[in-house]
Structures are given as C-alpha cells and as structure tokens.
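Visitor: Protein chains in written order, with my numbering: chain L, 12 to 331; chain D, 332 to 874. Backbone N, C-alpha and C define an ideal beta-carbon position, used for all residues, glycine too. Note that the structure is predicted; figures quoted are calculated from it, not measured.
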Amino acid sequence: MSGYGGFALRRAGQAVVVVLLTYVFTFWVISVLPGDPVTTTLRNPQNGFTEEEIARIVSYYGLDRPVLVQLWESLSRFVTGDLGVSLRSNRSVADMIGEVLPSTLVLAAASLTIAVVLSFAIAFGVHYLPRPFSTALRSVPSLFLSVPGFLVGLLLIQVFSFGLGLFRAIDTDGPVATFFAALTLGIWVSAQIAEVLIANLDHEAAQEYAGVARSRGLGRLRMLLKHLLKPSSLPVVTVLALMIGEVLGGAVITEAVFGRTGIGNLVERSVASQDLPVLQAVVTLAAVVFVVVNLLADLVYPLLDPRVTLQARPEVGANA
Amino acid sequence: MAPQDRLTSTLTRPASTTTAPLLQVSGLSVAYGGRQVVSGVDLALGAGGSLALIGESGSGKSTIARALLRLLPASGRATGHVELAGREVLGLPERRFRPLRGRTLGFVPQDPASALNPVRTIGVQALEAAELVDGLAKEDRREAVLETFAQVGLTDPQRVFAAHPHELSGGMLQRVLIGLAVLPRPSLLVADEPTSALDVTIQKRILDLLSTLRADLGISLLLITHDLAIAAERAESLIVLKDGRIQEAGTTAEVFANPTSAYARQLHADVPALNPDRYADLRAVGEGRAGDPARIEVQGVTKTFGSLTAVDDVSFAVPAGTTHALVGESGSGKTTAIRLLLGLEQPDSGRIVVAGEELHGRSHASLRSVRRHLQLVYQNPFTSLDPTWKVERLVREPLDRYRIGDPASRRELVRETLRSVGLGEELVSRKPSALSGGQRQRVAIARALVLRPDVIVLDEPTSALDVSVQADIVETLLRLQADLGLTYVFVSHDLSLVRQLAHTVSVMRTGRVVEHGTVASIFDSPQEEYTRTLLASLPVGAA
Chain L
12 MSGYGGFALR RAGQAVVVVL LTYVFTFWVI SVLPGDPVTT TLRNPQNGFT
62 EEEIARIVSY YGLDRPVLVQ LWESLSRFVT GDLGVSLRSN RSVADMIGEV
112 LPSTLVLAAA SLTIAVVLSF AIAFGVHYLP RPFSTALRSV PSLFLSVPGF
162 LVGLLLIQVF SFGLGLFRAI DTDGPVATFF AALTLGIWVS AQIAEVLIAN
212 LDHEAAQEYA GVARSRGLGR LRMLLKHLLK PSSLPVVTVL ALMIGEVLGG
262 AVITEAVFGR TGIGNLVERS VASQDLPVLQ AVVTLAAVVF VVVNLLADLV
312 YPLLDPRVTL QARPEVGANA
Chain D
332 MAPQDRLTST LTRPASTTTA PLLQVSGLSV AYGGRQVVSG VDLALGAGGS
382 LALIGESGSG KSTIARALLR LLPASGRATG HVELAGREVL GLPERRFRPL
432 RGRTLGFVPQ DPASALNPVR TIGVQALEAA ELVDGLAKED RREAVLETFA
482 QVGLTDPQRV FAAHPHELSG GMLQRVLIGL AVLPRPSLLV ADEPTSALDV
532 TIQKRILDLL STLRADLGIS LLLITHDLAI AAERAESLIV LKDGRIQEAG
582 TTAEVFANPT SAYARQLHAD VPALNPDRYA DLRAVGEGRA GDPARIEVQG
632 VTKTFGSLTA VDDVSFAVPA GTTHALVGES GSGKTTAIRL LLGLEQPDSG
682 RIVVAGEELH GRSHASLRSV RRHLQLVYQN PFTSLDPTWK VERLVREPLD
732 RYRIGDPASR RELVRETLRS VGLGEELVSR KPSALSGGQR QRVAIARALV
782 LRPDVIVLDE PTSALDVSVQ ADIVETLLRL QADLGLTYVF VSHDLSLVRQ
832 LAHTVSVMRT GRVVEHGTVA SIFDSPQEEY TRTLLASLPV GAA
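1. Residues of chain L with CB under 8 Å from residue 445/D, in chain order?
2. CA-CA distance, residue 651/D and residue 620/D?
3. Please look up how many angstroms separate the CB atoms of residue 177/L and residue 171/L, rounded, as I've assumed it's under 8 Å.
4. Take residue 762/D as the anchor and find which of 784/D, 722/D and 799/D has the nearest alpha-carbon.
5. According to the neighbour-count rule (16 or more other Cβ atoms, all chains shown, within 10 Å of its Cβ), is residue 5/L buried or exposed?
6. So which residues of chain D does residue 230/L contact, with C-beta pairs closer than 7 Å?
7. Just curious, the beta strand (DSSP E) that residue 738/D is in, first and last residue?
8. With three or more beta-carbon pairs closer than 8 Å as the criterion, would you say the stretch 216 to 224 of chain L touches the stretch 411 to 429 of chain D?
9. Indicate whether at least one CB of chain L lies closer than 8 Å to the CB of residue 495/D.
10. Go ahead and pull the three-state DSSP assignment for residue 209/L.
11. Take the Cβ of residue 38/L as the centre, count every other Cβ of all protein chains shown within 10 Å, and call the residue buried at 16 or more, exposed below.
12. State yes or no: is the C-beta of residue 521/D within less than 8 Å of the C-beta of residue 436/D?
13. Spatial neighbours of residue 583/D within its chain, please: C-beta separation below 7 Å, excluding the five flanking residues on both sides.
14. Under 8 Å, do residue 644/D and residue 633/D count as touching if we go by C-beta distance?
15. With residue 573/D as the anchor, note down where its beta strand (DSSP E) starts and where it stops.
16. Along the stretch 235 to 262 of chain L, what residues have a CB closer than 7 Å to any CB found in chain D?
17. Can you find at least 3 beta carbon pairs, one from the stretch 113 to 123 of chain L and one from the stretch 264 to 275 of chain L, that sit closer than 8 Å?
18. Should residue 603/D and residue 596/D be called a contact, given that it needs their Cβ atoms to be closer than 8 Å?
19. Taking buried to mean at least 16 other C-beta atoms within 10 Å of its own C-beta, is residue 199/L buried or exposed?
20. Rounded to whole angstroms, what's the CA-CA distance from residue 308/L to residue 488/D? Just pull it up for me.
21. Under a three-way DSSP split, which group does residue 634/D fall into?
22. Three Cβ pairs or more, each shorter than 8 Å: is that satisfied between the stretch 397 to 411 of chain D and the stretch 464 to 484 of chain D?
23. Would the stretch 651 to 661 of chain D count as touching the stretch 816 to 827 of chain D if we require 3 or more Cβ pairs under 8 Å?
24. Quick check on residue 412/D: does DSSP put it in helix, strand or coil?
25. Can you give me the start and stop residues for the alpha helix (DSSP H) that residue 394/D sits inside?
26. Grab me the residues of residue 328/L's own chain with a C-beta within less than 8 Å of its C-beta, minus the 5 sequence neighbours each way, in chain order.
27. Comparing C-alpha positions only, which one of 578/D, 474/D and 353/D sits nearest to residue 385/D?
28. In whole angstroms, what is the alpha-carbon distance linking residue 94/L and residue 267/L?
29. Taking C-beta pairs closer than 8 Å, name the residues in chain D that residue 318/L reaches, listed in chain order.
30. If you reduce the DSSP assignment to three classes, tell me which class residue 362/D lands in.
31. Smallest Cα separation from residue 542/D: which of 794/D, 383/D, 684/D and 821/D?
32. Between residue 448/D and residue 224/L, is the Cβ-Cβ spacing less than 8 Å?
33. Comparing C-alpha positions only, which one of 792/D, 412/D, 631/D and 727/D sits nearest to residue 741/D?
34. Of all Cβ atoms in chain L, is any one closer than 8 Å to the Cβ of residue 860/D?
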C-alpha cells in the first residue's frame, strides 16, 4: 500500500500548490485592475476624509507599500488562516463567509444529492423499463440541459409556492424552500451526470463480459445492479467532481431566484462594491473546494477500480 | 457410427439419448437489419456428442452461436426453429428462456481477457454460476466453485477466487470461464473459438480440458472454430460454413476422407497443418542457396528493459535468399528480436550485420541507408496502413522518401510492384477501407517490396487473415523469394505455417534461443523438451 500512500501524498502536495497559485493569481489580477477601490472610496467627497486621514488609513492597511510586499504579507496571513478585513463593512472576511457558507453548503449538498438520485433514476429507467418508456427517458437529459435554471426556479416557485402554497417564497431558509432551490440546481446537474451514465451503461452492456454473464442466466435487474452499474459509475466520480464547480457557479443564480443569502449573494454584493478582500477570499475558497473535491476523486478512484495502477510498471512484452 | 451411438460406449453418464437429439436446428436464418448473414442452417447434435462449426470470417459461425445462446445484438433477428432438449426455444420469451441459460446451455467465449467483469472479483462472478446448481446450499457454493477451479486445472483456487480478471493470464482466465460454464452441469456447451486468443501450448491444454470434461460430465460440445485441424481433432462431426450457408456436413472422418464440396476441398488444401509440403517446389529454390554466405548475422545480442531480459544472447545467421523463422509464444522475445534487427532498438551487447553492414553504432542517416535494404511487413494489415491514403500513395511513399526516380517512373514502379503481388491496376486509387484483409496485406508487401530490398522481416504476416487468404499470401511471398532471391525473417507462433515456408528455424523462449536448425531437423528430431512440447501442441488434424 506504500504505492498508494506516496500517490496520495504527491496529489495532496499538488493540490496545495494549486491553491497557493490561485491565491497569487487572484491577487495579481486585482492589483493590475484599473481603479483602486480604497482610494476611490476614501476620496469620495461625501465621506469627507482629509488627505492626512486618507494617508493614515492607507498606511494602516499597508496599501502604500510595493505590491510584492503586500502580496507576501497577504499570503502569509492567508497561510495562517487570516483572510483579512472587508473594505465595506470593516468586518473580518472569515466571519462574513462563515455567516453565509452554511446556507450555500446546504444548498450545494442537497442539489448534488438530488442530482445523483435523479440521474441514476433516469439511467436506470432507460436501461430497465420496456421500450416506449426507455426511449422517452433517453431524451430527458437533453431536455433538462436546455431549460435555463432560473426558469425552472421561477416555475417551481410559481407552482409550489404561489399555486400550492407548500412554502412561502420569502421564508427562504425553510426545509421545503431549500428543497425546491436544490431541485432547481439539481435538475440541471443531473442531466450531465445522467448523460455520462447512460452512455457508459450502453457501452458496458455491449461488452463481451455482459453477454457471458447473461449466458449464466442473470436477469436484467441483476445484470444492471451487479455487473453494469459499477464500471459505469466510475467515470461519474470524475464528472461529479467537476460538477461541484458548476454547483457553486449555479448557486449564484439559484440564490438570487429564491432570495437566499449565500456565497452567491455575497459575491454579488462584493462585486458591486468592489470589496476586494472578500472577492479574493471567495475565489480562493472556490479553488480550495474544487481542488479538494478533485483530490478526493483521484484518491477514491484507485480504490474503486482494481485496474488502475499507480506506479508505472516495468515494461513487459505481453507476458501471458 | 452416429455421434450419439459412439457416445454410449465411451461415457460414464448413462445415455438417455438415443431418441431425439439434444439440439436440433432447422432453417435457422439471421439478419442484421436487412443484411442476411445466416441462411437456412440445419444442424443436429446428440447428447454427449460434439459438433464443430467451421468457417472463415463472415461465414456466420459466431452468429449461429449467438443466435442459439440468444445473445444477438439488438439489431439481429433470428428466424427458424431451434429445439433444445425437445423444446422450441427460439420464440421463447426471455423470461422463460432464462432458466435454461447456464443450466442447460453453457457458453465459453472467444477472448477470455474481456469475458469477465473487470471490476469484480472472479469469485463473486463464479458464485453466480454456482447459484444455478439446484439444491446447492448457499454456504456450499464457495466450496463448489473452488472444487471446479481445481477440476479445470487451476493450481491455486483460493487465489483465483480472490483475484480480479486482470491479475490472471489468458490461459488461466479461459480455465475459469470453462469452469463457470460447466459448474451448473449444462447439457450443451457452446464454445466460440475458445483458444484462438491463446498461445499454442495453452491452446492444447484448454482443448484437452474441454475434451476431458465432455467425457467425464457427458456434456455435448458445439465448437466454433476457423481452424480445420482443431475441429478435426476435437469433434465427431463437422459443418463447413461459407457466407452463412452450409457447404458440407457429416462426420469428421467422412468430410476428411471425401470432401464433396469445392469449398471444403479448398479449405482442406489451405490448412498448413494438413499440408506441410504444399510449397515444396518453391521452397526448394531457397534450399539450394543454404550454403551461400549469410545475408543477416546476429551474434550474441542481448537487450534488457529494466529487470527484464527480453532478448538474451541470441545468435542466428540467414543465408541470402532463404527464410529464417523465429518461433515462440507470447513473451518469448521474438518481437524485441526483430525490433533490434530493424534498428528500432539498440542492443545492450552483441552485433547485427545486414548485407555486410554493421547495424549499430551508426548515425541516423547511414542507418537510413541500411534500412532501405531492410523492410518490414507488419502483423495486422487492418492497422498498419494509413486509412486516409490511397493504395498508390501508400506504395509510392518509400520511393518518395528515398527520392528514387522521377514521378513517372515511380508511378510505373508502383504499378509493376502491385502486379507482382497480384493486385490489379484498378485498385491503385482505392483506400484501405475498400480492400479486403488479403488485399491490404498484399499492399503492405508491395510497399516493402517497392524499394527492392534484400531482406524483408515478416512479423506474423498472416495471423490476422483467414486460412484461404493466408495460403494465397504465403504463395505470393514464396514466389517472390524464388524470383528475386529475397531473404526473409519470418516471425510466427504458427509452427505448421513455419514448416510450410521456412528453411531454418530458431525456437525462442523467455528471450533465449532454445534450439535452432533446419526445418527438417527441428520438426523431425527436436532435441529440446520445449520444442517437443510446442510440436506436440499442434493439432494433428485427421481423426
């Protein structure tokens, strides 16, 4: 298992490097952007700061020093877990993210769960149901993909909140409202997983081993569950890891439609007000999530598929 | 003597079978979409009997097997009658056919490496077969599987049970698959080319195993094969198929003694194992050159990859105008040996001299000039030709590379070379996809020939081709050798083919030459145990 340990360590090391690079890159992009939000704000005549006060504030935040020094300080703070202070509210960025993160995490987790359940249900239906139903189900993923998320959200609110009164559209964090918000996001994500899964099931079902297993008298359900599902699901792990990014992106719209206060909402406000430390933190957070999830996918894969080997074996001429 | 009568005298299981045959097929036709691939096939197989379906690619033999097993792809439609143990099964709904799967009708597939689910352990898949045994308690299933593994000659059943398919060799996997097929004691076993993906010594062991199990367990065998010699050795009756129709049917002895159809006669004449001296005349031309100076000299060549010694102190010499065969099973080092000979790999030690020129320690440019005299015909004509190029360009490319002649003379040379390998003018503007396998390999040979090389390395040049096509290609190669005095290095696992066309042989095993000599001395009086094993593995044909 030392091969696996080394592999895990190597991948984890790469992940750390990616996160640090993302942080530096975001910092750089922000520093070269035209317009300096700090001075724009301070020099706004409505705020009535004197030049002396401005200079004091600028030096307090270290903004008068060279960019590289600022980067170094910001990076060393980041490494110790200090994300800095918001320019708008003067509150700790970590606190601000901490406030909205749970809501987004709940939404993301719920929508991914819904997406997985939905996509497996669709793929199962395609492969198990008799003909007219399975053919109809095959087109469902394309349908899901082509309807914009906000439209689905508005429809769901119209029908289930205003129409049936299952939840109040303003009571945004209740379980029922959360479910429908997650459904909005999940439907779209499920389509992409289902497409991969259906294609994989088709592929596996046409393999020689599937025919041989059928010749052992296995029924359709057992073929599906015992033989085809696992090899077909393996690539889904990778797709799922990529979907995490989509879910975070999609959360911005979904949160807006359902009026939830989450990371998406925070990003929206911070962009509008050029609250750079918050943006920097959110981008880095997104990178961390992305990297961690993909790292997990990489680490899980060799455990799921016995054929995946971690070390290049010495080249051997097909030794039977 | 009909198969079912012979059975009563040799089998331990009481024959309940002198009445209706176990499998009775009449008027079976199969179509994919609108394309008819099997037309009106009749066959009968008694309990405990054995029947071989023989044919080349496209003959419909595998389609018949799949139709009987009801494993045709969704586009396939089978019509006609299939009676299994007195019951019509072709029209049976899947739900009612399923109980027959495994229990009555077992299946041994062609390529063992792809016939087991790669992400599940062998044991878990074997337990599925054990479930089909009526009255076997759940806790006894594992024991039954391990017993079966031992029975099919797997030495470490526990390890096999816990292994994943990719951890076992092809021969072991085929044993597993045979074990899984016979575990529920079916009355009929359908084996679709069960050994064509395996090395010759393993092939023999697997066929022996099938024969033994058939005798011990009284299972009928429907053997699908392209190899007439195997069929003759292993089946009581034969059916010869071509283009989905039966050409000839009868007991093996009858068909061999007295083939009535032209196709069966031709097939018989084309099988190398049955006709060792078919090309004796053409070969005699090279035989006369045996004393000539060597065109190729390989002296003490060794090549290692990491800890693996792929080629270990190999030496051989090939007189000009003769054929030297390198024979061995997978992993024997024959492929590495020819890569060294072609200058594609550098040896760790030893020297290789081609036409008086040292091959190694050369600059790129001078290696190129040696290569002009040293051409390769690759194993698989379906992958060795660029599918987007026309035949003309494929054959002309070496001339362009070496800047030989002007465009007009190149064109003429291409046509002349194509004629010499038996390809007509009309093919020059075709792409490989519009050619048959045999035509493609002729193009590959023409491409090697167009530079007028001294030496051609033939790497299993016919292993992807049908036997009748193989015979044509071999004949072409030998005629070219007789006319042009070419020197061949012929790499093959097929000993019968080697016997037909080679003059001298090196038998390789795990990188070493275990024995070398003239064809006659190797085949008639082999000195080494391994050579004897290889020769004993050859199907001898006539029963």
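Guide: Let me spell this out:
1. In the second sequence, residue 445/D corresponds to position 114, counting from 1. Against chain L, a Cβ distance below 8 Å from residue 445/D picks out 218, 219 and 220.
2. Within the second sequence, the letter at position 320 stands for residue 651/D. Within the second sequence, the letter at position 289 stands for residue 620/D. Those two C-alpha atoms are separated by around 7 Å.
3. What you label residue 177/L is simply residue 166 of the first sequence in a count that begins at 1. What you label residue 171/L is simply residue 160 of the first sequence in a count that begins at 1. The Cβ separation is near 5 Å, so the contact holds.
4. On the second sequence, position 431 is the one that residue 762/D refers to. That would be 722/D, whose Cα lies nearest to the Cα of residue 762/D.
5. Outside the displayed range of chain L (12 to 331) lies residue 5/L, so it cannot be described from this structure.
6. Taking the first residue of the first sequence as position 1, residue 230/L is located at position 219. Within chain D, the residues near residue 230/L are 429.
7. Residue numbering aside, residue 738/D sits at position 407 when the second sequence is read from its first letter. Careful: residue 738/D lies outside any beta strand (DSSP E), inside the alpha helix (DSSP H) at 738 to 751.
8. Not touching, per the Cβ criterion.
9. Taking the first residue of the second sequence as position 1, residue 495/D is located at position 164. Using beta-carbon distances, residue 495/D counts as an interface residue toward chain L, with a partner under 8 Å.
10. By 1-based counting over the first sequence, the position of residue 209/L is 198. Helix at residue 209/L.
11. Taking the first sequence and counting its residues from 1, one reaches residue 38/L at position 27. Residue 38/L is classed as buried because its beta carbon has at least 16 other beta carbons within 10 Å across all chains shown.
12. Locating residue 521/D in the second sequence gives position 190, counting from the first residue. Locating residue 436/D in the second sequence gives position 105, counting from the first residue. Judged by their CB atoms, residue 521/D and residue 436/D are nearer to each other than the 8 Å cut-off.
13. Translated into the one-based positions of the second sequence, residue 583/D becomes position 252. Sequence-distant partners of residue 583/D (beyond 5 residues in either direction) whose C-beta falls short of 7 Å from its own C-beta, in its chain, are 563, 566, 567, 568, 569 and 874.
14. The count along the second sequence starts at 1 and reaches residue 644/D at position 313. The count along the second sequence starts at 1 and reaches residue 633/D at position 302. Judged by their CB atoms, residue 644/D and residue 633/D are nearer to each other than the 8 Å cut-off.
15. If you number the second sequence from 1, residue 573/D lands on position 242. Note, residue 573/D: beta strand (DSSP E), 568 to 573.
16. So the close ones are 238, 241 and 242.
17. Counting Cβ pairs under 8 Å, three or more are found: they touch.
18. Position 272 of the second sequence, counted from the first residue, corresponds to residue 603/D. Position 265 of the second sequence, counted from the first residue, corresponds to residue 596/D. It is not a contact, given that the beta carbons lie outside the stated cut-off.
19. Stepping through the first sequence from its first residue, residue 199/L is reached at position 188. In this structure residue 199/L is buried. Its beta-carbon is surrounded by 16 or more other beta-carbon atoms within 10 angstroms.
20. The residue labelled residue 308/L in the question sits at position 297 within the first sequence. The residue labelled residue 488/D in the question sits at position 157 within the second sequence. Roughly 34 Å between the two C-alpha positions.
21. The sequence position of residue 634/D within the second sequence is 303, counting from 1. In the three-state reduction of the DSSP assignment, residue 634/D falls in the strand class.
22. Contact annotation: the stretch 397 to 411 of chain D does not touch the stretch 464 to 484 of chain D, with fewer than three C-beta pairs closer than 8 Å.
23. The stretch 651 to 661 of chain D makes contact with the stretch 816 to 827 of chain D; the number of CB pairs closer than 8 Å reaches 3 or more.
24. Numbered from its first residue, the second sequence carries residue 412/D at position 81. Reduced to three states, the DSSP call for residue 412/D is strand.
25. Translated into positions along the second sequence, residue 394/D becomes position 63. Residue 394/D -> alpha helix (DSSP H) spans 392 to 400.
26. Counted from its first residue, the first sequence places residue 328/L at position 317. A caution first: residue 328/L carries a pLDDT of 36, below 50, which makes its placement in the model unreliable, though a value can still be read off. Same-chain partners within the cutoff: there are none.
27. Locating residue 385/D in the second sequence gives position 54, counting from the first residue. Closest option to residue 385/D, Cα to Cα, is 578/D.
28. In the first sequence, the residue the question calls residue 94/L occupies position 83. In the first sequence, the residue the question calls residue 267/L occupies position 256. Answer to the nearest angstrom: the Cα atoms are 25 Å apart.
29. The residue you call residue 318/L lines up with position 307 of the first sequence. Those are 449, 450, 495 and 497, listed as they occur along chain D.
30. As a first step, residue 362/D must be located in the second sequence, where it is residue number 31. Annotated three-state conformation of residue 362/D is strand, per DSSP.
31. Walking along the second sequence from the start, residue 542/D turns up at place 211. When only C-alpha atoms are compared, the closest one is 383/D.
32. Locating residue 448/D in the second sequence gives position 117, where the first residue counts as 1. Locating residue 224/L in the first sequence gives position 213, where the first residue counts as 1. In this structure, residue 224/L lies closer than 8 Å to residue 448/D by Cβ.
33. As a first step, residue 741/D must be located in the second sequence, where it is residue number 410. Ranked by Cα distance from residue 741/D, the options 792/D, 412/D, 631/D and 727/D are led by 727/D.
34. One-based indexing of the second sequence puts residue 860/D at position 529. For residue 860/D, the answer is no, since every Cβ of chain L falls outside 8 Å of its Cβ.
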